[in-house]
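Everything in the sequence shown is counted per our numbering, starting at 3 for the first residue and increasing by one.
Note that beta-carbon positions come from the ideal geometry of N, C-alpha and C, so glycine has one too.
Predicted, not measured: the structure shown is a model, and the values here were computed from it.
Report on the structure given below.
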Amino acid sequence: MTFNTEISIIDNTVFIPSDIGTIHLQSMYHQVPPATLPGGSTLAVVFISHIVAGILWKGATPTAEAVGGSSKPESIMSQPPGQPRLSPQFCFSFGTLRDFLRLSRSSIDDSITQNLNALVTPARTGFDPSSTSKRATRSFAEPIDPAACQSFKEKVLFPLWKARAEVLSYCGIVATSPDPDDPEATILELEKQRDRERIVDERLDPYSGRFFPREARTQSLALLMRQERAVESIVRSRTWDVIQGRCGTSSQSWQDAMSNWEAAQKLRKGDGNPTSS
């Protein structure tokens with residue numbers, strides 16, 4: 003709601019034109035002696051504005067965050083997509099494959115700064131009114147508790163990276179395997195047969211020697227996998243740089259950190275235990 007600047011006061015009644023009509027309020031500024039009101043009309047308008055604000059916002063119910071409660075970090079983070087059921091049909095559905103990779107990256111990697119901000123513990127002392135009178139020198143990129151950062155990497159980031167790696171690895175194998183179920187296999191074979199039967203005479207037709215066969219879907223998938231692996235490497239490097247800057251951890255590369263995490267996972271499952279003789 004917006005108010006016009008014209009305010010009329012008639013018989014101790016205030017008339018305030020607004021977008022929804024005219025608001026009538028009993029004027030209370032007359033309780034203060036006019037002699038003590040230098041620029042009295044301005045003070046009266048300011049006083050009345052508080053009354054109007056109280057009426058307009060009286061029914062508003064503060065949320066838990068406004069009162070001081072903070073949302074859980076996991077509820078703030080975007081939820082990544084679930085692990086898809088791996089099959090050749092999934093890999094050859096290029097749109098579905100791209101959507102999974104895109105959503106997985108956007109949920110954590112593309113919003114890594116916001117996700118790390120969710121790990122910062124809120125202030126426990128409450129709001130200090132005097133803080134508004136001086137310029138804040140604290141950086142918005144606050145350091146994160148090492149334990150919270152390590153938990154984020156082990157429970158959120160690395161499992162998500164592993165899920166994408168499994169998809170890329172599986173579809174890479176599918177791309178290099180025979181594809182007897184290719185619906186265009188017959189068309190490809192016919193095109194090859196026509197190419198063998200073509201008569202090439204560039205003196206009569208300079209374009210007769212050109213032949214652009216249809217690409218098999220395994221070839222298209224192999225090209226897509228090469229592109230997505232390159233994108234994955236760039237995304238992980240960028241994400242890891244942000245984590246290193248915020249968490250203040252060692253200079254370990256993301257490849258080494260991921261390998262150590264996978265080795266620890268195998269040990270927890272018992273796969274890495276030495277076989278007793």
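Can you give me the C-alpha to C-alpha distance between residue i and residue j, rounded to a whole angstrom?
| i | j | result |
| --- | --- | --- |
| SER261 | ILE146 | 23 Å |
| LEU103 | ARG166 | 7 Å |
| SER109 | GLN81 | 6 Å |
| PRO276 | LEU269 | Here PRO276 scores only 49 on pLDDT, less than 50, and its place in the model should not be relied on; the value that follows carries that caveat. Using only the alpha carbons, I get a separation of about 10 Å. |
| PHE94 | THR220 | 8 Å |
| ARG238 | ASP181 | 32 Å |
| THR115 | ARG228 | 28 Å |
| GLY97 | LEU88 | 15 Å |
| SER113 | VAL169 | 21 Å |
| LEU226 | ASP111 | 20 Å |
| PRO83 | ILE175 | 23 Å |
| PHE92 | SER235 | 22 Å |
| TRP256 | LEU159 | 11 Å |
| ASP258 | PRO90 | 31 Å |
| GLU2 | SER179 | Residue 2 lies beyond the stretch modelled for the chain, which goes from 3 to 279, so this question has no answer here. |
| GLN161 | ARG240 | Per the sequence shown, the amino acid found at residue 161 is Pro instead of Gln. For PRO161 and ARG240, the distance between alpha carbons rounds to 17 Å. |
| SER252 | ASP101 | 34 Å |
| LEU99 | GLN254 | 31 Å |
Give the range of the alpha helix (DSSP H) segment to which residue i is assigned.
| i | result |
| --- | --- |
| GLN229 | 219-249 |
| ALA177 | 160-177 |
| GLN152 | 148-154 |
| PRO90 | 90-94 |
| ILE114 | 114-119 |
| SER261 | 256-271 |
If you drop the 5 nearest sequence neighbours on each side, which residues of the same chain put their C-beta closer than 7 Å to that of residue i?
| i | result |
| --- | --- |
| CYS249 | ILE146, PRO148 and CYS151 |
| GLY272 | none |
| GLN267 | none |
Could you pull out every residue in the same chain whose Cβ sits closer than 6 Å to the Cβ of residue i, ignoring the five residues on either side in sequence?
| i | result |
| --- | --- |
| GLN85 | ALA165 |
| ARG107 | VAL237 |
| PRO64 | In this prediction, PRO64 has a pLDDT of 39, which is less than 50 and means its spatial position is unreliable; what the coordinates show is noted afterwards. Excluding sequence neighbours, PRO64 sits near nothing in its chain. |
With a cut-off of 8 Å on the beta carbons, I'd call residue i and residue j a contact; round off their distance for me.
| i | j | result |
| --- | --- | --- |
| LEU121 | PHE154 | 6 Å |
| ALA177 | ALA232 | Actually they are not in contact, since the Cβ atoms of ALA177 and ALA232 sit about 15 Å apart, beyond 8 Å. |
| GLU156 | TRP263 | 6 Å |
Under 8 Å Cβ to Cβ from residue i, same chain only, skipping five residues before and after it: list those, please.
| i | result |
| --- | --- |
| ASP184 | LEU190, ALA218, ARG219 and THR220 |
| TRP163 | ARG238 and MET260 |
| TYR172 | LEU88 and CYS93 |
| VAL244 | ILE114, THR115 and LEU118 |
| SER222 | PHE96 |
So is residue i in contact with chain D if we call contact Cβ pairs under 8 Å?
| i | result |
| --- | --- |
| LEU269 | Of the protein chains in the structure, only one exists, and it is not chain D. |
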